[in-house]
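Numbering (the UniProt record's numbering), first residue to last: 1 to 319.
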């Protein structure tokens with residue numbers, strides 16, 4: 001486990017560890033959304049198209065199951081446990097109570113879900129205002145439009161207040177004037193500490209730590225594979241392969257020369273040869289008139305299709 005490799009003397013995680021934990025937690029949602037998008041594009045005839053429309057709720061359910069399992073078994077979220085961090089009661093330093101675990105679960109799962117919904121609502125309201133031209137209070141004609149404009153103007157201020165609150169807590173945590181890295185930790189009444197060496201003696205924690213790392217590695221590999229498979233470079237390579245010129249048809253095979261049963265019969269007119277003449281490219285003997293006309297007209301041997309010319313005709317004389 002990561003926290004067994006170097007047991008830190010300071011139980012407080014540093015800011016870099018918490019930033020890495022936060023980035024890992026925030027990366028779970030885009031990864032799941034990308035996987036859902038790929039499934040919806042590749043198999044739209046199945047239920048995956050509906051899965052994409054309800055992507056936020058699907059992520060909420062999966063994230064709820066994942067975070068609740070890790071909270072109940074390890075007193076930490078999935079990403080916190082990956083970096084060897086756990087939650088303890090603020091002041092007491094003991095394990096989480098039922099209330100603190102519930103509040104922590106709400107802060108880990110429902111707060112990000114509501115944040116995404118608010119951002120999407122603001123995007124929808126922006127598009128509506130651009131279409132209807134409602135940018136001032138006097139432009140509103142109904143209570144619904146008034147409420148939408150109020151939300152449109154209030155959401156950016158709320159987002160700025162949320163960011164400022166997080167910044168203040170992080171600065172206080174950095175200068176060690178507060179044990180809380182986030183206002184959500186203060187709300188839940190918890191603080192973050194490193195795992196201790198004795199925590200590794202609990203079999204369930206060791207198993208879940210090993211399983212989480214293997215699952216994360218496999219998920220990252222699968223995600224990168226999907227990104228490459230559906231990337232523009234791969235699609236361009238497939239198009240280039242499909243756009244290659246069609247190869248020419250194979251040349252006709254040389255026919256098997258027929259077996260001549262009568263050595264004195266011309267293979268062209270099937271009569272007794274007159275003025276026997278052989279073709280140097282194949283060695284067959286024909287009537288002079290038959291083979292001369294054929295070679296001049298076709299330029300090949302009539303039996304082997306070998307390229308031939310009139311100067312390769314050889315008259316035969318028998319004594």
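A virtual CB, placed ideally from N, CA and C, is assigned to each residue, including glycine.
To which residues does DSSP link residue i through a beta bridge?
i           : result
residue 286 : 277
residue 314 : 278
residue 86  : 193
residue 300 : 307
residue 272 : 265
When we look at the beta-carbon of residue i and count the other beta-carbons within 10 Å, is it buried (16 or more) or exposed?
i           : result
residue 75  : buried
residue 87  : buried
residue 285 : buried
residue 110 : exposed
residue 63  : buried
residue 273 : buried
residue 181 : buried
residue 13  : buried
residue 174 : exposed
Report back the beta-carbon spacing between residue i and residue j to the nearest angstrom; my notes put them in contact at under 8 Å.
i           : j           : result
residue 79  : residue 141 : That pair is no contact at about 47 Å.
residue 313 : residue 279 : 6 Å
residue 301 : residue 309 : Residue 301 to residue 309, Cβ: 11 Å. No contact.
residue 268 : residue 298 : Wrong, their Cβ atoms sit about 11 Å apart, outside the cutoff.
residue 90  : residue 179 : 6 Å
residue 53  : residue 33  : With 8 Å as the limit, residue 53 and residue 33 do not qualify as a contact, their Cβ atoms being about 12 Å apart.
residue 275 : residue 287 : 6 Å
If you measure between the beta carbons of residue i and residue j, is that distance less than 9 Å?
i           : j           : result
residue 29  : residue 143 : no
residue 116 : residue 189 : no
residue 291 : residue 277 : yes
residue 69  : residue 17  : no
residue 21  : residue 105 : no
residue 67  : residue 19  : no
residue 121 : residue 151 : yes
residue 169 : residue 194 : no
residue 119 : residue 159 : yes
Any heavy atom of the ligand COA closer than 8 Å to the CB of residue i?
i          : result
residue 83 : This structure lacks the ligand COA; in fact it carries no ligand of any kind.
> Whole beta strand (DSSP E) runs in the region 145-199 with 3 or more residues, listed along the chain?
Replying inline: 190-194
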